[in-house]
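Working notes, beginning with the structure itself.
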Amino acid sequence: MSHSVVDDMYEGCREKAMETVIHSGLLRKELDNSEKFQKAWNASTQCSFMIPGGIKEHTAALSAFYHGDKQFIRDVNTQVETMGDNLADFQFKSFHFLLMDALMLFKPHKCKTGFAIVDDLKIPKVGSAVRLAGFTMVDTDEELLGDLEDSIVLKIKSCYFVNLEESICRNNVDQMLLSPSEVFIVEKVDQISIEDANYVEVVLGHSSLNSTHNCLMFPRDAPVSSAHMLVPLITVYSLFSAML
Numbered sequence: 021m022s023h024s025v026v027d028d029m030y031e032g033c034r035e036k037a038m039e040t041v042i043h044s045g046l047l048r049k050e051l052d053n054s055e056k057f058q059k060a061w062n063a064s065t066q067c068s069f070m071i072p073g074g075i076k077e078h079t080a081a082l083s084a085f086y087h088g089d090k091q092f093i094r095d096v097n098t099q100v101e102t103m104g105d106n107l108a109d110f111q112f113k114s115f116h117f118l119l120m121d122a123l124m125l126f127k128p129h130k131c132k133t134g135f136a137i138v139d140d141l142k143i144p145k146v147g148s149a150v151r152l153a154g155f156t157m158v159d160t161d162e163e164l165l166g167d168l169e170d171s172i173v174l175k176i177k178s179c180y181f182v183n184l185e186e187s188i189c190r191n192n193v194d195q196m197l198l199s200p201s202e203v204f205i206v207e208k209v210d211q212i213s214i215e216d217a218n219y220v221e222v223v224l225g226h227s228s229l230n231s232t233h234n235c236l237m238f239p240r241d242a243p244v245s246s247a248h249m250l251v252p253l254i255t256v257y258s259l260f261s262a263m264l
């Protein structure tokens, strides 16, 4: 199992994290330290929608991820993928917490399927467990993927996501945000041939949630038993860079 992915779900330390991020100034400090983070954040301030149980910063974080330029998202996800063993130097603690907390608050009642094209992916074995190594936006309509010729298409059934159209005050956003904490099982790998394209389709089904680094950034006040921390991961695939 890889311990390098920052997959904290903040179970048992949510209040401590919220206090540190919002009221003690960590978010403001991290915004001040990153011009790209500031730019993405400031582009998101016009949306007044709030996730039930959330605050305006949850909406701003989701919007910032959607509006952030490709290099900013790469920077964030590179750190998410690699900083699990070096959390002291993780520069996006507040952003990570707000995105993960938004995912927790959204609480979808039904699972949903998303689609993404990836490049240079080593095809995983059927039955293996995989997860994304960063926050990832996927299309909810396969037709939005465009040209599929010679591509690898992920068909992902997620049960832990945020519908972006409902959350960032934008119409016709047929995308959802997935997290590095959701574990999937490879259900099928098919070679697809249709009239205008030949491609490989990898079907991923929801398995569980994993929080290896639970509450290490914001230590909780009391121990909490979490079944999520017992889930073994066979393989961790970094898919976000190929999907930008």
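Letter by letter, the sequence shown follows residues 21 to 264 of our numbering.
Glycine included, C-beta positions come from ideal geometry on N, C-alpha and C.
Supposed contact pair residue j and residue i - C-beta distance, whole angstroms, cut 8 Å
i    : j    : result
V207 : V138 : For the sequence presented, residue 207 should be read as Glu rather than Val. That pair is no contact at about 17 Å.
V209 : L174 : Actually they do not touch by this definition, with Cβ atoms about 11 Å apart.
S24  : E101 : 7 Å
E50  : Q91  : Between Q91 and E50 the Cβ distance is about 17 Å, and since that is not below 8 Å, they are no contact.
Cβ pair residue i, residue j closer than 8 Å
i    : j    : result
F135 : P200 : no
A84  : A60  : yes
M196 : K130 : no
I188 : Y86  : yes
P128 : F69  : no
A108 : F238 : no
L152 : L198 : yes
Per-residue DSSP class, three states only, for residue i
i    : result
V26  : coil
E35  : helix
Y17  : For the chain, the structure presents residues 21 to 264; residue 17 sits outside this window and is missing.
I71  : coil
W97  : The residue asked about is misnamed: residue 97 is Asn in this sequence, not Trp. Looking at N97 - three-state DSSP - the assignment turns out to be helix.
S213 : strand
T40  : helix
L198 : strand
K145 : coil
L168 : coil
F238 : coil
E186 : coil
T156 : strand
K127 : coil
N218 : strand
8 Å Cβ shell around residue i - same chain, five flanking residues per side excluded
i    : result
L291 : Shown here, the chain extends from 21 to 264; a query on residue 291 therefore has no answer.
N192 : E185
L119 : A81, L82, F85, F155, L197, S199
N53  : Q111
Given residue i as reference, the closest of the options once Cα atoms are compared
i    : options                : result
L125 : Q111, E77, L165, S148  : E77
K56  : R94, S44, F69, H226    : R94
D161 : E169, D140, R151, N183 : N183
L82  : F117, V173, T98        : F117
E163 : A153, P239, D194       : D194
G88  : V158, E215, A63        : A63
I143 : L224, L229, T98, C33   : L224
R190 : C67, M120, H43         : C67
I75  : M157, I176, I42, N53   : I42
Same chain only: Cβ atoms within 7 Å of residue i, ignoring 5 sequence neighbours per side
i    : result
S227 : A149, V203, F204, I205
L168 : A217, Y219
E35  : none
G73  : L125
V158 : G134, F135, A136, I176, Q195, M196, L198
Same chain, Cβ closer than 6 Å to residue i, five either side skipped, listed in chain order
i    : result
S171 : I137, Y219
G104 : H23, S24, V25, V26, H233
Q58  : L51
Any chain D beta carbon closer than 8 Å to residue i
i    : result
D210 : In summary, chain D is missing from the structure at hand, where a single protein chain is found.
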